[in-house]
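So the sequence shown is numbered by my numbering: it starts at 3 and just counts up by one. Read through the structure below, which is laid out as structure tokens, and then see the notes.
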Amino acid sequence: MKTAIYTSDAFLSHDTGANHPECSSRIEMLNHLFEEEFQNIPIKSPYDATEEDISLAHPVDHIYNLMDRLPDTGYAGADEAGECILSPGSWKAITKSVGAGLTALQDINDGEITRAFCASRPPGHHAESTKPMGFCFFNNAFITARAAQERFNLNKVAIVDFDVHHGNGTDALTRNHNEKHPDKPIFYASTHQYPLWPMSGLPEDNTDHVINVGLPEGTNGPELIKVYEDKIFPALNAYKPDLLILSSGFDAHKDDPLAGLNLENHDFAALTAALVGIANKHAKGRIISLLEGGYNLEALKSSVRAHLNAFV
3 MKTAIYTSDA
13 FLSHDTGANH
23 PECSSRIEML
33 NHLFEEEFQN
43 IPIKSPYDAT
53 EEDISLAHPV
63 DHIYNLMDRL
73 PDTGYAGADE
83 AGECILSPGS
93 WKAITKSVGA
103 GLTALQDIND
113 GEITRAFCAS
123 RPPGHHAEST
133 KPMGFCFFNN
143 AFITARAAQE
153 RFNLNKVAIV
163 DFDVHHGNGT
173 DALTRNHNEK
183 HPDKPIFYAS
193 THQYPLWPMS
203 GLPEDNTDHV
213 INVGLPEGTN
223 GPELIKVYED
233 KIFPALNAYK
243 PDLLILSSGF
253 DAHKDDPLAG
263 LNLENHDFAA
273 LTAALVGIAN
283 KHAKGRIISL
293 LEGGYNLEAL
303 KSSVRAHLNA
313 FV
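See below:
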């Protein structure tokens, strides 16, 4: 199975200001990792997502509203909490971040690759239909899922989100889609620390195709894997996806500053290997992994190393 990495220098131009955890150093660190240890994996540049691409998840007027907020100099906020920071270089990064999954999807369809890791920023899984939040502007994973359905006839798309925070945006977009299109539902599963911002993703709201599992603070790797084996893998196997999309947040690492789970590098490797097995069984090995969280730089580097090694 051939793997490729998708990244761009444009991701370095999204300036979030001093002391913001979602910073360009995250991509700089990963670029060093790729250069030092993964020279055998090709690195590809994503295309710039278009209005048509983004509108698979977000209304056009919302897209233009966000564009209008872009500053010529300095910084501007795109959300009430002041976490989604825009700078003059942000739009290029945002459209490339959406485009990373879409470029990988096209390359998978063309037979060039089977698996992709998108080292992109800003992340996407908190972005709701008309609401940026949690460092996220547009929902990269959901847009990729909808493009797979609409453009490549991959109707059974599963999104698995192991970021430490619940992907409220992906959850909401998936539920809305599934209500409108019960003939081709998207599958979404999330494990996340609870209680923790954004205080969503309660299991009592689960459906046949949306599965949330809240994890108490301190949950370790074996406990996480058991949750997947008991609650998520059976449903995922029953769904039989044509494509697996991973919202790969590495902020569940024990050293991450924004949360309190207790995963280590080998836990991300074990989870990835299990998901690869499911993709091999049902989806001809097809996986697109999109970077979400991960804010301790050394932990991010070592976690992505483990994740990629499990891919190849």
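In this text, a Cβ means the ideal position worked out from N, Cα and C, and glycines have one as well.
- Entirely enclosed alpha helix (DSSP H) segments - the segment 68 to 141, minimum 4 residues: Every alpha helix (DSSP H) stretch that sits fully inside the segment 68 to 141 and reaches 4 residues is listed by chain position as 92 to 111.
- Message: Taking the straight line between their C-alpha atoms, what separation do you get for T75 and E231?
- Response: Here residue 75 refers to the residue found at position 73 when the sequence shown is read from its first residue. Here residue 231 refers to the residue found at position 229 when the sequence shown is read from its first residue. Cα-Cα distance, rounded: 49 Å.
- C-alpha gap between L293 and A191, whole angstroms: Your numbering for residue 293 matches position 291 in the sequence shown. Your numbering for residue 191 matches position 189 in the sequence shown. Rounded to whole angstroms, L293 to A191 spans 16 Å at the Cα level.
- If we count Cβ pairs, one from each stretch, closer than 8 Å, do we get three or more for the segment 80 to 89 versus the segment 246 to 262? Segments in contact, no.
- Task: Thinking Y77 and P48 are a contact (beta carbons under 8 Å), I'd like their distance in whole angstroms, please.
- Result: Walking along the sequence shown from the start, residue 77 turns up at place 75. Walking along the sequence shown from the start, residue 48 turns up at place 46. The Cβ separation is near 25 Å, so there is no contact.
- Query: Where does Q41 land, buried or exposed, given buried means 16+ other C-beta within 10 angstroms?
  - Reply: Indexing the sequence shown from 1 puts residue 41 at position 39. When all chains shown are included, Q41 counts as exposed.
- Query: What does a CB cutoff of less than 8 Å around I45 pick up in its chain, not counting 5 residues either side in sequence?
  - Reply: The sequence position of residue 45 within the sequence shown is 43, counting from 1. Around I45: A6, I7, Y8, T9 and F36.
- Among F139, E85 and F235, which one has its Cα closest to the Cα of A69? Numbered from its first residue, the sequence shown carries residue 69 at position 67. According to the sequence as given, residue 69 is Met; it is not Ala. Cα-wise, what sits closest to M69 is F139.
- Item | Nearest candidate by alpha-carbon position, reference I247, set K133, E219, F189 and D17 | On the sequence shown, residue 247 is found 245 positions in, with the first residue counted as 1. Among K133, E219, F189 and D17, the Cα nearest to that of I247 is on F189.
- Message: For S249 and D163, which I take to be in contact (beta-carbon distance under 8 Å), what is that distance rounded to the nearest angstrom?
- Response: Locating residue 249 in the sequence shown gives position 247, counting from the first residue. Locating residue 163 in the sequence shown gives position 161, counting from the first residue. Confirmed, Cβ separation roughly 4 Å.
- With distances taken from CA atoms, which of L299, V314, Q195 and L277 is nearest N33? Here residue 33 refers to the residue found at position 31 when the sequence shown is read from its first residue. The shortest Cα separation from N33 among L299, V314, Q195 and L277 belongs to L299.
- Around the C-beta of P187, are 16 or more other C-beta atoms found within 10 angstroms, so that it is buried, or is it exposed? Walking along the sequence shown from the start, residue 187 turns up at place 185. Under this definition P187 is a buried residue.
- How should H183 be labelled, buried or exposed, when 16 other C-beta atoms within 10 angstroms of its C-beta is the threshold for buried? On the sequence shown, position 181 is the one that residue 183 refers to. H183 is exposed by the Cβ-count criterion.
- At what residues does the beta strand (DSSP E) containing T172 begin and finish? Within the sequence shown, numbered from 1, the residue matching residue 172 stands at position 170. Unbroken run through T172 is the alpha helix (DSSP H), N170 to K182; no beta strand (DSSP E).
- Excluding the five sequence neighbours on either side, which residues of its own chain have a C-beta within less than 6 Å of the C-beta of G79, listed in chain order? Reading the sequence shown from its first residue, position 77 is the one you call residue 79. There are no such residues.
- Task: Along the alpha helix (DSSP H) that carries D17, what are the first and last residues, could you check?
- Result: Your numbering for residue 17 matches position 15 in the sequence shown. For D17, there is no enclosing alpha helix (DSSP H), as DSSP marks it with neither H nor E.
- Excluding five sequence neighbours on each side, which residues of the same chain lie with their C-beta closer than 6 Å to the C-beta of L263? Position 261 of the sequence shown, counted from the first residue, corresponds to residue 263. So the qualifying residues of the chain are V166, Q195, T221 and A254.
- Message: For the alpha helix (DSSP H) containing T221, name the first residue and the last one.
- Response: As a working mapping, residue 221 is identified with position 219 in the sequence shown. Looking at the DSSP string, T221 is not in any alpha helix (DSSP H), and its letter there is neither H nor E.
- Span separating the alpha-carbon of N142 from that of P125: Counting from 1 along the sequence shown, the entry for residue 142 is found at position 140. Counting from 1 along the sequence shown, the entry for residue 125 is found at position 123. Using only the alpha carbons, I get a separation of about 7 Å.
- Please classify L198: is it buried, with 16 or more other beta-carbons within 10 angstroms of its beta-carbon, or exposed? Position 196 of the sequence shown holds residue 198. The residue is buried, with at least 16 neighbouring Cβ atoms inside 10 Å.
- At what residues does the alpha helix (DSSP H) containing L245 begin and finish? Your numbering for residue 245 matches position 243 in the sequence shown. First-last for L245: L245 to S250, but that is the beta strand (DSSP E), not the alpha helix (DSSP H).
- Closest residue to L277 among I96, F137, H16 and A160 (Cα-Cα distance): As a working note, residue 277 is residue 275 in the sequence shown. The residue with the shortest Cα to Cα distance from L277 is A160.
- With distances taken from CA atoms, which of L310, L72, G295 and G296 is nearest I289? One-based indexing of the sequence shown puts residue 289 at position 287. Among L310, L72, G295 and G296, the Cα nearest to that of I289 belongs to L310.
- Query: Among the residues of its own chain, which have a CB less than 7 Å from the CB of A312, if the five just before and after it don't count?
  - Reply: For the purposes of this step, residue 312 is taken as residue 310 along the sequence shown, with counting starting at 1. If you ignore the 5 residues before and after A312, its C-beta comes within less than 7 Å of the C-beta of A271, T274, A275 and V278, all in its own chain and listed in chain order.
- Item | Neighbour-count burial assignment, N267, 16 or more Cβ in a 10 Å radius | As a position in the sequence shown, residue 267 is number 265, starting the count at 1. Answer is buried; the Cβ neighbour count reaches 16.
- Query: For R153, which option in V306, E54, D269 and E30 has the closest C-alpha, if you only look at C-alpha atoms?
  - Reply: Reading the sequence shown from its first residue, position 151 is the one you call residue 153. Looking at the Cα atoms, E54 is the closest of the given residues.
- Message: What residue range does the beta strand (DSSP E) around F189 cover?
- Response: Translated into the one-based positions of the sequence shown, residue 189 becomes position 187. From DSSP, the beta strand (DSSP E) with F189 extends over F189 to Q195.
- Query: If we call anything under 8 Å between Cβ atoms a contact, is I213 one with I234?
  - Reply: Against the sequence shown, residue 213 aligns to sequence position 211. Against the sequence shown, residue 234 aligns to sequence position 232. For I213 and I234, yes; Cβs fall inside 8 Å.
- Message: Using only the alpha-carbon positions, how far apart do N180 and E206 sit?
- Response: To locate residue 180, count along the sequence shown from 1; it is residue 178. To locate residue 206, count along the sequence shown from 1; it is residue 204. Cα-Cα distance, rounded: 18 Å.
- Neighbourhood of G84 by C-beta distance below 8 Å, restricted to the same chain and skipping five residues each side: Numbered from its first residue, the sequence shown carries residue 84 at position 82. If we look at G84 and ignore the five residues flanking it on each side, it has no Cβ neighbours.
- With DSSP as the reference, please indicate the residues paired to Y8 in a beta bridge. Translated into the one-based positions of the sequence shown, residue 8 becomes position 6. Paired residues: K46 and C120.
- Query: Candidates T52, H64 and K286: which alpha carbon is nearest A95's?
  - Reply: Indexing the sequence shown from 1 puts residue 95 at position 93. Comparing Cα-Cα distances from A95 to each of T52, H64 and K286, the minimum goes to T52.
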